[in-house]
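Here the structure comes first, spelled out in structure tokens, and everything after it is commentary.
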């Protein structure tokens with residue numbers, strides 16, 4: 031079963047909004063850093 035955005039956010043200790051922005055390719059527009067792009071779920 032696929033993970034939900036909420037589960038990913040909880041696993042990575044991020045907000046749901048942050049996860050959605052990154053998944054939609056808008057991270058740069060909102061100045062979300064790509065310091066840890068390879069966090070594993």
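Residue numbers (our numbering): 31 to 71.
Glycine included, C-beta positions come from ideal geometry on N, C-alpha and C.
Treat the numbers as computed from the prediction; the structure is a model and nothing was measured.
Residue i: first and last residue of the uninterrupted alpha helix (DSSP H) it sits in
| i | result |
| --- | --- |
| residue 47 | 46 to 53 |
| residue 40 | 35 to 42 |
Nearest-angstrom Cα separation, counted from residue j out to residue i
| i | j | result |
| --- | --- | --- |
| residue 63 | residue 46 | 16 angstroms |
| residue 55 | residue 33 | 19 angstroms |
| residue 51 | residue 41 | 16 angstroms |
| residue 53 | residue 39 | 11 angstroms |
Classification of residue i by the beta-carbon crowding that lies within 10 angstroms, buried from 16 upward
| i | result |
| --- | --- |
| residue 35 | exposed |
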